[in-house]
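Participant: In the numbering used here, the protein residues as written are 382 to 609. Beta carbons are placed, not taken as given, at the ideal position from N, Cα and C, and that holds for glycine.
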Amino acid sequence: MMRALGAPLCLRKCIDPFLEEVANLWNMREIAKNIQPLCRNHAIALDCLHKYLTCDPHNLFKTASSSVEKMCGERAPLLEKVRPCLIKHGDIPAQVCDSRCHGRANITAFINNPAITMAALMGGNILTVNEHLGGLCRRLCNFSAFSGLNCALPCITMELNKVCPLSGWLTLDILLQPFETVADHLLDSSPVLKDFIANRINKKCKFLVQKSELIKLRKGQFNHLRPE
Numbered sequence: 382m383m384r385a386l387g388a389p390l391c392l393r394k395c396i397d398p399f400l401e402e403v404a405n406l407w408n409m410r411e412i413a414k415n416i417q418p419l420c421r422n423h424a425i426a427l428d429c430l431h432k433y434l435t436c437d438p439h440n441l442f443k444t445a446s447s448s449v450e451k452m453c454g455e456r457a458p459l460l461e462k463v464r465p466c467l468i469k470h471g472d473i474p475a476q477v478c479d480s481r482c483h484g485r486a487n488i489t490a491f492i493n494n495p496a497i498t499m500a501a502l503m504g505g506n507i508l509t510v511n512e513h514l515g516g517l518c519r520r521l522c523n524f525s526a527f528s529g530l531n532c533a534l535p536c537i538t539m540e541l542n543k544v545c546p547l548s549g550w551l552t553l554d555i556l557l558q559p560f561e562t563v564a565d566h567l568l569d570s571s572p573v574l575k576d577f578i579a580n581r582i583n584k585k586c587k588f589l590v591q592k593s594e595l596i597k598l599r600k601g602q603f604n605h606l607r608p609e
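1. Comparing C-alpha positions only, which one of V573, T552 and D576 sits nearest to G601?
2. By DSSP, does G549 sit in helix, in strand, or in coil?
3. Consult DSSP for G610 and reduce its assignment to one of helix, strand or coil.
4. Under three-state DSSP, which class holds R456?
5. Check whether the Cβ atoms of C478 and C536 lie closer than 9 Å to each other.
6. Relative to the alpha-carbon of C395, which residue among V573, C466, C436 and C482 has its alpha-carbon at the smallest distance?
7. Give the straight-line distance between the Cα atoms of E540 and W550, rounded to the nearest whole angstrom.
8. On the premise that I468 lies in contact with K432, defined as a C-beta separation below 8 Å, what is that separation, rounded to the nearest angstrom?
9. Rounding to the nearest angstrom, what Cα-Cα distance links S446 and H566 in this structure?
10. Please classify M539: does DSSP put it in a helix, a strand, or coil?
11. Could you give the distance in angstroms between the alpha-carbon of N583 and the alpha-carbon of F560?
12. Compute the minimum distance between the beta carbon of R410 and the heavy atoms of the ligand ADP, and state whether it is under 8 Å.
13. Is the beta carbon of F588 sitting closer than 9 Å to the one on C518?
14. Return helix, strand or coil for C522, following the three-state DSSP convention.
15. Kindly indicate which three-state DSSP category V590 falls into: helix, strand or coil?
16. In or out: S525 buried (at least 16 other Cβ within 10 Å) or exposed?
17. Note the first and the last residue of the continuous alpha helix (DSSP H) segment covering T435.
18. Just the C-alpha distance for E402 and N422, rounded to the nearest angstrom, thanks.
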């Protein structure tokens with residue numbers, strides 16, 4: 382994925398240990414227990430990139446991983462309060478929502494897409510990546526009415542709230558952080574850049590960078606996420 386985006390080698394070296402911790406979450410076992418090493422390696426990655434400023438001059442990794450930064454920093458006290466409950470009960474909601482929304486299957490299909498594989502081999506092509514992102518954001522499928530993030534966000538919010546009250550809203554707040562960062566940047570950008578992004582971004586993912594849509598999500602208004 383990082384190669385497909387054209388990430389330079391120095392950036393990949395800085396963030397590889399962090400990505401290994403992310404990979405540990407793939408099996409959806411003991412998720413809450415894996416948060417601390419995830420936070421630790423995220424801080425190490427940011428420190429590494431700070432030493433080599435030319436590796437990520439636009440802070441793309443910091444933006445993309447801002448959910449982790451928020452979870453480990455600003456929201457850490459709240460997360461610590463629900464951590465005992467999440468250790469006992471937090472894995473099941475994640476597994477239920479993965480089964481319902483096909484999150485891991487969608488990611489696997491995206492990574493194994495021949496176009497993405499070719500982009501990685503050729504040194505990266507962000508336009509190709511963008512063209513194929515739609516399935517991760519919003520997708521009609523044979524197994525359910527909808528899948529992708531438009532399914533996963535409401536699912537994980539509601540399922541976590543059932544087992545650990547308010548933890549779903551906390552998780553939603555954390556997960557939305559990178560999208561809100563991008564949305565805020567777009568609000569402050571020039572009309573030319575706004576038009577360029579509007580025309581280029583995969584239409585199935587637009588709801589994730591529109592401030593009005595993100596506000597609806599924060600309010601728990603999920604009905605607009607269903608496919609038209």
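Facilitator: Result, derived from the coordinates:
1. Residue mapping note: residue 601 aligns to position 220 of the sequence shown, counting from 1. The shortest Cα separation from G601 among V573, T552 and D576 belongs to T552.
2. Against the sequence shown, residue 549 aligns to sequence position 168. In the structure shown, G549 sits in a helix (DSSP, three-state: H, G or I).
3. Here the chain has residues from 382 to 609 only, and residue 610 is not among them.
4. Counted from its first residue, the sequence shown places residue 456 at position 75. Of the three classes helix, strand and coil, the one that applies to R456 here is coil, per DSSP.
5. Residue 478 sits at position 97 when you count from the first residue of the sequence shown. Residue 536 sits at position 155 when you count from the first residue of the sequence shown. It is a contact, given that the beta carbons lie within the stated cut-off.
6. As a first step, residue 395 must be located in the sequence shown, where it is residue number 14. For C395, the nearest C-alpha among the options comes from C436.
7. Counting from one through the sequence shown, the residue named residue 540 turns up at place 159. Counting from one through the sequence shown, the residue named residue 550 turns up at place 169. Going from the Cα of E540 to the Cα of W550 covers about 10 Å.
8. For this step, residue 432 is matched to residue 51 along the sequence shown. For this step, residue 468 is matched to residue 87 along the sequence shown. Contact flag wrong, Cβ pair sits at about 34 Å.
9. Within the sequence shown, numbered from 1, the residue matching residue 446 stands at position 65. Within the sequence shown, numbered from 1, the residue matching residue 566 stands at position 185. Each residue's Cα considered, the two are about 16 Å apart.
10. Looking up residue 539 in the sequence shown gives position 158. In the structure shown, M539 sits in a helix (DSSP, three-state: H, G or I).
11. The residue labelled residue 583 in the question sits at position 202 within the sequence shown. The residue labelled residue 560 in the question sits at position 179 within the sequence shown. Each residue's alpha carbon lies about 14 Å from the other.
12. Looking at this structure, you won't find the ligand ADP or any other ligand, since it has none at all.
13. As a position in the sequence shown, residue 588 is number 207, starting the count at 1. As a position in the sequence shown, residue 518 is number 137, starting the count at 1. Yes, they are a contact pair.
14. Start at 1 with the first residue of the sequence shown, and residue 522 comes out as number 141. Bear in mind that a pLDDT of 45 at C522, under 50, signals an unreliable position, so the number given afterwards is only what the model happens to contain. Coil, per DSSP.
15. If you number the sequence shown from 1, residue 590 lands on position 209. If DSSP states are grouped into helix, strand and coil, V590 belongs with coil.
16. For the purposes of this step, residue 525 is identified with residue 144 of the sequence shown, where counting begins at 1. Since pLDDT at S525 reaches only 45, below the 50 mark, its modelled position is unreliable, and the value read off the structure follows with that caveat. The residue is exposed, with fewer than 16 neighbouring Cβ atoms inside 10 Å.
17. As a working mapping, residue 435 is identified with position 54 in the sequence shown. Careful: T435 lies outside any alpha helix (DSSP H) and carries neither H nor E.
18. Counted from its first residue, the sequence shown places residue 402 at position 21. Counted from its first residue, the sequence shown places residue 422 at position 41. Each residue's Cα considered, the two are about 8 Å apart.
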